[in-house]
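Report on the following structure.
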Amino acid sequence: MSDYILYPGCSMETGARAYYDSLKAISKPIGLNLKEIDDWNCCGATEYFGISKTPAYALIARNLALAAEQAANGTRKVVAPCSACYLNLAKADHYMREQPKLGRQVNEALAAGNLSYKPGSLDIHHLLDVIIYDIGLDVVEKNVVRPLKGVRVAPYLGCMVPRPDYDHRWSDHDLPVELDMLLKTLGADVVDYPLKTECCGGHMPQISPATAFEMLRRLISVADERDTDVMTTICPMCQLNIDGYQGEMNGFFGTNYHMPILFFTQLMGLAFGIDPKELGFGLELVSARNVLDAIGVKAPPETPPAPPRRPRKPEGLPMPTPLANPQIETLKKEVTK
Amino acid sequence: MTEALTISSTPVSDPKQIEDLTLLKEVASRTAGVSNLEMCIQCGTCGGSCPSAVEMEDTPRRLFAMLRAGMREEALKSNTPWICVSCYHCVVRCPQNIHIPDVMYTLKTMAVDAKLVQDSTAPDFSQTFVDMVEDYGRSFEIGLASRHYLKHFPLRLTNMVPMGMGMLSKKRMNLTPTRIKNMKQLKAILKRAKELEAEQ
Amino acid sequence: MTENMIENTSSNDGQEKIGVYVCHCGTNIAGVVDVVQVAEWAAKYLKHRGVVIAREYKFMCSSLGQELIEKDIKELGLNRVIVAACSPHLHEKTFRTACANAGLNPFLCEMVSIREQVSWVHTDKAAATAKAKAMISGGVERVRHHVPLEPMTVPINPATLIVGGGIAGIQSALEIADAGFHVYLVEREPSIGGHMAQFDKTFPTLDCSACILTPKMVDVGSHPNITLLTWSEVEKVEGYVGSFTVTVRKKARKVDEELCTGCGICQEKCPKKVIDNVFEAGLGYRKAVYTPFPQAVPNFPVIDVPNCTYYEKGTCKACEIFCAPKAIVFDQQDQILTLKVGNIILATGYDLFDARRMTNYGYGRLPNVFTSLEMERLFNAAGPTNGNVVLRDGKTTPQSVGIIHCVGSRDKNFNNYCSVICCMQSLKFAHLVHERTGATVYNFYIDIRAAFKDYDEFYQRVLEEGTLFVRGKVAEVSDVPRVESEKGKLIIQVEDTLIGKQRRIPVDMVILSAGLEPRKDSKETARTFGISCSANGWFTEKHPKLDPVATMTEGIYIAGCAQGPKDIPASVAQGAAAAARVLGKIEQKAVALEPIRASVVEERCSGCRICNGLCPFNAITFHEDRMVTEINPALCQGCGTCVAACPAGAITGTGFSNDQIMAQIEGLMMLNVEPEPVAA
Amino acid sequence: MCSGRLDPTFVFKALASGADGVMITGCHPGECHYIEQNYKALRRIQLMRRTLQGFGLEPGRIRLVWASAAEGNRFASEVAAFVEEVRALGPLHWGKNGNVPSIAAPAAIQKEEVPA
């Protein structure tokens with residue numbers, strides 16, 4: 000069992016309830032022991048920075064201070080499932096270190112609430128990072144009892160986890176492979192989705208709907224063109240925008256997309272054989288019923304794998320071999336084990 | 000030494016602008032972390048990478064040139080920071096490691112302070128969001144959405160009905176806000192933080 | 000208390016007559032340090048330490064400044080000189096020569112760096128002035144313990160080793176060989192020629208690269224004064240200027256060079272096709288037994304052991320069967336050669352920046368994104384497409400092409416320097432694409448850097464041809480269309496910074512002008528040869544402006560891109576310059592070594608041998624018969640490690656003796672300064 | 000002079016002459032101009048810090064910094080940081096009020112017998 004301090008973030012209890020439910024459901028099988036920060040507060044999302052700097056960082060740092068107190072008798076690893084929450088915690092920790100003046104001011108503010116936080120004393124991770132690099136794909140694979148065979152899943156990470164990536168944890172800033180590897184481990188048919196780290200629009204549906212709808216259209220249309228059954232994400236905001244605003248976007252452009260989007264933890268739970276109800280299925284506005292149909296209700300008949308084709312003689316000019324990335328190689332080894 | 004040179008050797012006809020040669024520094028010093036703003040080489044990687052650049056009056060690069068030129072009013076009036084979606088594409092690609100979204104946050108705060116915001120939709124949304132957080136310690140979507148949409152997008156409310164009803168019926172929105180236990184502590188921290196911010 | 004001890008050791012018991020010269024260096028020093036005050040202070044407060052004169056002057060290194068020192072030596076009988084100015088790296092030689100001209104042993108002159116170590120790093124004028132005084136005080140105390148030294152001379156072996164057979168190394172080799180001296184040219188690949196042999200045309204004249212290079216290669220191959228060692232690498236370098244001993248591994252070619260006629264039948268018959276990642280930049284194929292290109296020098300093939308079917312399975316031997324002179328030798332072993340040379344030139348070249356690292360440009364993922372080196376091969380009539388510019392499918396001619404500058408250069412995420420050649424190379428590509436395909440060509444640049452002769456004129460020419468220039472560093476190359484017109488194209492997304500708007504430009508082909516990087520193993524090479532390299536990995540020259548071909552290690556010179564990115568004319572010029580420096584050294588016949596050496600006072604040596612294992616240059620030998628240690632002054636490089644380690648204090652280091660350093664520390668701490676006189 | 004030339008006596012001499020801290024700089028490990036002598040300096044510095052502790056002094060008064068000629072900025076910040084640290088330790092007062100511990104009469108000792 001690996002112990003982590005959990006910072007759920009506001010949306011896990013409301014808009015992204017499916018994320019929270021499915022996270023709870025998969026934690027036990029993969030040995031993830033989560034202890035919630037007691038009395039945590041909102042991280043301020045991307046909104047507070049634009050109002051006032053020091054209060055914005057003090058707001059985040061209260062959570063860090065509370066977590067550090069909790070960390071005193073155990074793990075110093077904090078895990079956040081929400082991308083914005085993860086980035087804000089990581090950013091506050093990073094900038095308090097990079098700019099000692101900010102660190103001092105934030106601590107002065109915290110002192111008003113009898114708290115303090117020494118930057119660098121916690122290790123802040125996003126949930127996906129923990130599952131891939133701490134728990135390991137081998138552990139995930141052991142739990143797969145109902146592979147997501149034949150389900151075409153587009154991996155969508157959104158922006159704030161692989162970027163700015165203060166600690167250089169991700170295999171790439173534009174096209175990281177971590178989520179693809181996880182989905183492959185679950186047996187899914189992973190769509191080559193080139194927009195996997197493009198922005199979902201964030202708060203733009205509230206600020207400039209036209210901008211937001213255009214960004215959503217790009218994401219959904221490319222997924223649709225590539226025969227995606229379901230998109231999967233690691234961020235509540237991405238899920239809300241693609242799921243919640245898809246109808247309004249369809250109205251705006253006169254399109255008729257039906258592109259469900261689920262949290263990656265829901266797909267993990269499904270592959271682990273957990274009851275879809277426990278995983279928050281049905282909470283999505285664009286129904287992902289098709290995913291269940293594909294694997295549960297009407298399981299596709301086993302087709303024997305096609306015999307390996309003889310490699311054709313190269314036509315045209317050879318392509319450069321992909322750049323050796325030790326991070327990806329290790330992951331690949333884990334998957335094939 | 001170099002600062003003195005810059006100021007004395009720059010021919011500026013408008014006396015107001017002499018003061019504003021400090022604008023770039025002011026923005027940098029009000030930004031969290033080390034912004035590297037003075038390092039911009041005007042290559043345009045940021046504006047090229049930006050998913051919402053089309054909506055911006057000025058690309059980030061152009062905005063930084065305006066800061067450098069001391070065009071305080073024009074820079075703070077620009078809608079650019081309010082269009083930034085904080086996707087960090089520009090940050091990881093910037094050849095000079097400039098913390099662009101953080102500079103955008105700073106410009107937002109400066110624009111609000113200077114009362115130079117053109118379209119209040121975005122700042123109002125942020126302020127409403129922050130108000131809720133300051134009251135409850137948590138965000139409160141339905142309160143936020145209803146207040147915000149009534150003010151800025153009253154006509155969109157009809158389009159929003161299916162989504163809103165869906166969210167409510169699936170219990171993805173709470174009708175009442177959640178409040179953290181130690182609100183007193185959070186308020187004390189934020190009060191002190193605001194004082195510190197004002198002192199700067 | 001300790002003072003007496005020191006004074007009695009080697010200083011001349013108050014006989015020192017020291018002159019102190021403080022330089023303004025224009026405003027470089029005088030802008031921060033109160034130079035006049037420093038000189039006055041030295042004259043007054045260090046008088047009892049032997050300072051008889053202290054002067055300040057605008058530029059001490061000028062001939063007038065030097066004359067000032069020479070005059071004082073002659074007229075005032077100075078026997079020690081302190082020059083407080085820039086770093087000794089720059090002008091130690093200048094002032095030592097000036098002293099020698101006036102009849103003073105040059106090693107009685109000491110420099111104190113009050114520019115690099117004081118004025119350039121401080122802003123507080125008063126504190127900087129105080130620091131300058133302390134440093135001069137340290138210098139004065141130190142120079143009191145200096146003794147006259149005589150440099151040792153060693154003969155120079157007239158043979159020269161050149162490492163790297165690209166254009167820079169070729170030029171150096173020919174210059175020296177033509178002057179009548181022997182050259183060993185070591186090249187790691189099977190043929191000389193380097194990157195230049197891969198290019199199609201050279202900017203700005205559009206000469207055919209091979210046409211101007213191959214005659215030089217042939218000259219090298221047939222020159223009686225050049226021993227050409229290709230498919231070879233230097234493993235070890237010992238010795239010092241004048242007499243280096245170099246160990247070279249001549250890798251087994253598996254081909255007997257005595258017997259091979261270079262007929263090429265083995266390549267023809269070899270059934271194994273391999274992607275050629277070196278010469279064809281991964282865009283073409285070669286056989287498992289191959290010469291990299293038809294004009295290769297020497298023209299003997301090599302067998303690529305890891306890819307050869309015979310070594311893998313024990314069968315095949317097609318090459319051996321068809322080789323008439325029986326030159327294939329499957330069990331040939333590596334040879335270790337020992338070369339004796341007097342000087343060494345390193346011209347090891349560069350590696351191309353690996354464009355796969357910039358994932359946002361899609362190289363390696365999007366088929367029609369090409370690197371600059373791939374393009375050179377595409378343009379080349381002897382290349383994989385016979386000079387046809389086509390897409391990766393091998394047949395389609397592009398209708399529109401985007402050329403991206405500064406790939407991996409001027410970018411703190413990759414290389415922070417400018418790679419110098421990419422602007423001109425990109426302009427050349429624009430011209431060639433026009434000429435070969437008539438396609439629409441876009442160039443995406445941050446700045447056009449077309450300095451040097453006829454370069455900007457070439458830019459004008461390319462403009463005239465209708466190339467579309469977009470000023471902006473490209474953000475990404477994508478294959479995801481947003482509108483109908485983008486379908487099936489590569490979309491270059493960029494801010495056109497002259498308009499201030501984001502543009503998406505669909506093209507058929509993207510060319511990445513990748514930057515130049517130091518060789519992957521450049522740091523290792525630097526270690527082997529005992530020279531230094533920058534943090535990036537480029538070899539460091541002795542002086543960036545005034546000595547750009549020498550290194551800090553006597554007798555080792557650098558040329559071409561190993562020192563930093565440069566184009567062909569600059570590489571040739573530097574290759575020739577390095578050769579000229581070597582020829583100058585050879586003509587001297589002997590070289591004076593810095594007399595900064597360690598030596599053992601035999602009477603004090605207890606024979607403990609602690610020092611024996613410390614010397615990295617094997618300069619220390621132990622005489623079993625006498626039970627004492629001896630240091631070979633020619634091998635000793637003067638690092639001083641043994642001096643510090645000797646428990647008996649039996650080893651002394653000239654130029655850095657314990658007395659000198661101890662005295663300098665006291666001086667720095669201002670322990671010997673005349674106390675402020677009581678008002679009288 | 001290579002950092003390998005560093006005789007521990009030099010450091011104690013500086014402290015005894017009134018310095019409050021001593022910074023030793025050299026090329027990065029693996030990049031020694033004299034091949035590997037900076038490793039020897041490293042060993043001696045560890046010894047010196049222990050000796051300093053033996054005197055009842057803070058080992059923080061000696062700092063080793065590896066810096067190449069290309070790292071001007073880092074070097075400057077290391078110097079600044081060291082000055083602050085030594086300032087926090089306070090003045091040493093050796094060599095000033097004749098307050099030199101008998102054990103540190105380095106110049107006298109080194110003349111005849113330098114401890115290894």
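Chains as they are written, first to last, in numbering that gives the first Met the number 0: chain A, 0 to 336; chain B, 0 to 199; chain C, 0 to 679; chain D, 0 to 115. Backbone N, C-alpha and C define an ideal beta-carbon position, used for all residues, glycine too.
Which chain A residues are close to N387(C), counting only those with a beta carbon under 9 Å from its beta carbon? What you label residue 387(C) is simply residue 388 of the third sequence in a count that begins at 1. Here the premise fails: no neighbours, minimum Cβ distance about 11 Å.
Against F9(D), what residues of chain C qualify as contacts under a CB-to-CB distance less than 9 Å, listed in chain order? Your numbering for residue 9(D) matches position 10 in the fourth sequence. Near F9(D) (Cβ distances below 9 Å), the residues of chain C are A643, N657, I660, M661 and I664.
Quick one: using the 10 Å Cβ neighbour count with 16 as the cut-off for buried, is M201(B) buried or exposed? The requested residue 201(B) does not occur in the structure, where chain B is confined to residues 0 to 199.
Can you look up F451(C) in the DSSP assignment and give me helix, strand or coil? The sequence position of residue 451(C) within the third sequence is 452, counting from 1. Of the three classes helix, strand and coil, the one that applies to F451(C) here is coil, per DSSP.
Using a Cβ cut-off of 8 Å, pull out every chain D residue sitting near H120(C), in sequence order please. Stepping through the third sequence from its first residue, residue 120(C) is reached at position 121. The identity of residue 120(C) in the sequence shown is Val, whereas the question assumes His. Near V120(C) (Cβ distances below 8 Å), the residues of chain D are A75.
Contacting residues, own chain, Cβ-Cβ under 8 Å from F139(B) (five flanking each side not counted): For the purposes of this step, residue 139(B) is taken as the residue at position 140 of the second sequence. Correct list, in chain order: M131, N173, P176 and T177.
Among C39(B), L154(B), L185(B) and P59(B), nearest to Y135(B) - alpha-carbon criterion: Start at 1 with the first residue of the second sequence, and residue 135(B) comes out as number 136. Looking at the Cα atoms, L185(B) is the closest of the given residues.
What three-state label does DSSP hand Q492(C) in the structure shown? Position 493 of the third sequence, counting from 1, holds the residue named residue 492(C). Three-state DSSP puts Q492(C) in a strand.
Should Q334(C) go down as buried or exposed, given a rule of 16 or more other Cβ atoms within 10 Å for buried? In the third sequence, counting from the first residue as 1, residue 334(C) sits at position 335. Flag for Q334(C) reads exposed.
Option nearest C532(C) by Cα separation, candidates L88(D), S67(D) and V85(D): Working through the third sequence from its first residue, we reach residue 532(C) at position 533. Checked all of L88(D), S67(D) and V85(D); the closest Cα to C532(C) is S67(D).
Hey, L365(C) and D478(C): beta-carbon distance below 7 Å or not? Position 366 of the third sequence, counted from the first residue, corresponds to residue 365(C). Position 479 of the third sequence, counted from the first residue, corresponds to residue 478(C). Taking 7 Å as the Cβ cut-off, L365(C) and D478(C) qualify as a contacting pair.
Using a threshold of 7 Å, state whether the C-beta atoms of M110(C) and V82(C) are closer than that. By one-based count along the third sequence, residue 110(C) stands at place 111. By one-based count along the third sequence, residue 82(C) stands at place 83. At the C-beta level, M110(C) and V82(C) come within 7 Å of one another.
is_contact[L66(B), chain A] using C-beta, thresh 7 Å: Position 67 of the second sequence, counted from the first residue, corresponds to residue 66(B). It does not: the Cβ of L66(B) has no partner Cβ on chain A nearer than 7 Å.
Assuming D242(A) contacts E213(A) under a Cβ cut-off of 8 Å, what Cβ separation, rounded to an integer in Å, is found between them? Along the first sequence, read from residue 1 onward, the residue named residue 242(A) stands at position 243. Along the first sequence, read from residue 1 onward, the residue named residue 213(A) stands at position 214. Going by Cβ atoms, the distance from D242(A) to E213(A) rounds to 17 Å, so no, they are not a contact pair.
Closest Cα partner of C158(A) within the set G69(B), C89(B), Q199(B) and T105(B): Position 159 of the first sequence, counting from 1, holds the residue named residue 158(A). Measuring from the Cα of C158(A), the nearest candidate turns out to be C89(B).
Where does E365(C) sit, in a helix, a strand or coil, going by DSSP? Along the third sequence, read from residue 1 onward, the residue named residue 365(C) stands at position 366. Residue identity differs from the one stated: residue 365(C) is Leu in this sequence, not Glu. DSSP places L365(C) in coil when its eight states are reduced to three.
List the residues of chain D whose Cβ lies closer than 9 Å to the Cβ of P223(C), in chain order. Position 224 of the third sequence, counted from the start, is the residue given in the question as residue 223(C). The premise fails here: P223(C) is roughly 37 Å from chain D at the closest Cβ pair, so nothing lies under 9 Å.
Shortest alpha-carbon distance to H194(C) belongs to which of Y239(C), F278(C), E115(C) and P147(C)? Reading the third sequence from its first residue, position 195 is the one you call residue 194(C). Residue F278(C) is the option with its Cα nearest to H194(C).
Cα separation between E328(A) and N40(A)? Position 329 of the first sequence, counted from the first residue, corresponds to residue 328(A). Position 41 of the first sequence, counted from the first residue, corresponds to residue 40(A). Rounded to whole angstroms, E328(A) to N40(A) spans 39 Å at the Cα level.
Can you name the residues of chain A whose CB is closer than 8 Å to the CB of T358(C)? Counting from 1 along the third sequence, the entry for residue 358(C) is found at position 359. Residues of chain A passing the Cβ test: D171, H172, D173 and L174.
Considering only residues of the stretch 293 to 332 of chain C, which uninterrupted alpha helix (DSSP H) runs meet the minimum length of 4 residues and lie entirely inside it, listed in chain order? 308 to 312 and 317 to 321
Could you tell me whether the stretch 18 to 33 of chain A touches the stretch 129 to 138 of chain A, where touching means 3 or more Cβ pairs closer than 8 Å? yes
Alpha carbon of E301(A) to alpha carbon of M180(A), nearest angstrom: Walking along the first sequence from the start, residue 301(A) turns up at place 302. Walking along the first sequence from the start, residue 180(A) turns up at place 181. Confidence is the limiting factor: at E301(A) the pLDDT is only 39, short of 50, which leaves the residue's position unreliable, though a coordinate-based value still follows. Distance between the alpha carbons of E301(A) and M180(A) is about 23 Å.
From the DSSP secondary-structure annotation, give me the bridge partner or partners of M110(C). What you label residue 110(C) is simply residue 111 of the third sequence in a count that begins at 1. M110(C) is bridged to V82(C).
Going by Cα to Cα distance, which pick from L147(A), I134(A), G250(A) and K52(A) is closest to A192(B)? Here the question's residue 192(B) lines up with position 193 in the second sequence. Taking only the C-alpha atoms, the option nearest A192(B) is K52(A).
For the putative contact between E149(C) and P547(C), defined by C-beta atoms under 8 Å, what is the C-beta separation to the nearest angstrom? On the third sequence, position 150 is the one that residue 149(C) refers to. On the third sequence, position 548 is the one that residue 547(C) refers to. For E149(C) against P547(C), the beta-carbon gap comes to about 31 Å, at or over 8 Å, which does not count as contact.
Where H124(A) falls: helix, strand or coil (DSSP): What you label residue 124(A) is simply residue 125 of the first sequence in a count that begins at 1. In this structure, H124(A) counts as strand in the three-state DSSP scheme.
Confirm, please, whether the CB-CB distance from S85(B) to T231(A) is below 7 Å. Within the first sequence, residue 231(A) is the residue found at index 232, counting from 1. Within the second sequence, residue 85(B) is the residue found at index 86, counting from 1. Not a contact, by the Cβ cut-off of 7 Å.
Can you tell me whether P568(C) is buried or exposed, with buried defined as 16 or more other CB within 10 angstroms of its CB? Stepping through the third sequence from its first residue, residue 568(C) is reached at position 569. Exposed, by the Cβ-count rule.
Beta-carbon proximity check, D410(C) vs P94(B), cutoff 7 Å: Against the third sequence, residue 410(C) aligns to sequence position 411. Against the second sequence, residue 94(B) aligns to sequence position 95. For D410(C) and P94(B), yes; Cβs fall inside 7 Å.
Check whether the Cβ of R4(D) lies closer than 7 Å to any Cβ atom in chain C. Taking the first residue of the fourth sequence as 1, we reach residue 4(D) at position 5. So yes, R4(D) belongs to the interface.
In the DSSP assignment, the beta strand (DSSP E) including V590(C) goes from what residue to what residue? Residue numbering aside, residue 590(C) sits at position 591 when the third sequence is read from its first letter. Residues A589 to L592.
I'd like to know whether the C-beta atoms of T184(A) and L156(A) end up nearer to each other than 7 Å. Locating residue 184(A) in the first sequence gives position 185, counting from the first residue. Locating residue 156(A) in the first sequence gives position 157, counting from the first residue. Their beta carbons are not under 7 Å apart, which means T184(A) does not touch L156(A) by this criterion.
Return the residues of the stretch 153 to 165 of chain A that lie within a Cβ-Cβ distance of less than 9 Å from chain C, sorted by chain order. none
Between the Cα of T358(C) and the Cα atoms of A474(C), C207(C), K325(C) and T93(C), which residue gives the shortest distance? Residue 358(C) sits at position 359 when you count from the first residue of the third sequence. T358(C) has its Cα closest to that of A474(C), out of A474(C), C207(C), K325(C) and T93(C).
Please report the distance separating the alpha-carbon of F528(C) from that of G639(C). The residue labelled residue 528(C) in the question sits at position 529 within the third sequence. The residue labelled residue 639(C) in the question sits at position 640 within the third sequence. Their Cα atoms are separated by approximately 20 Å.
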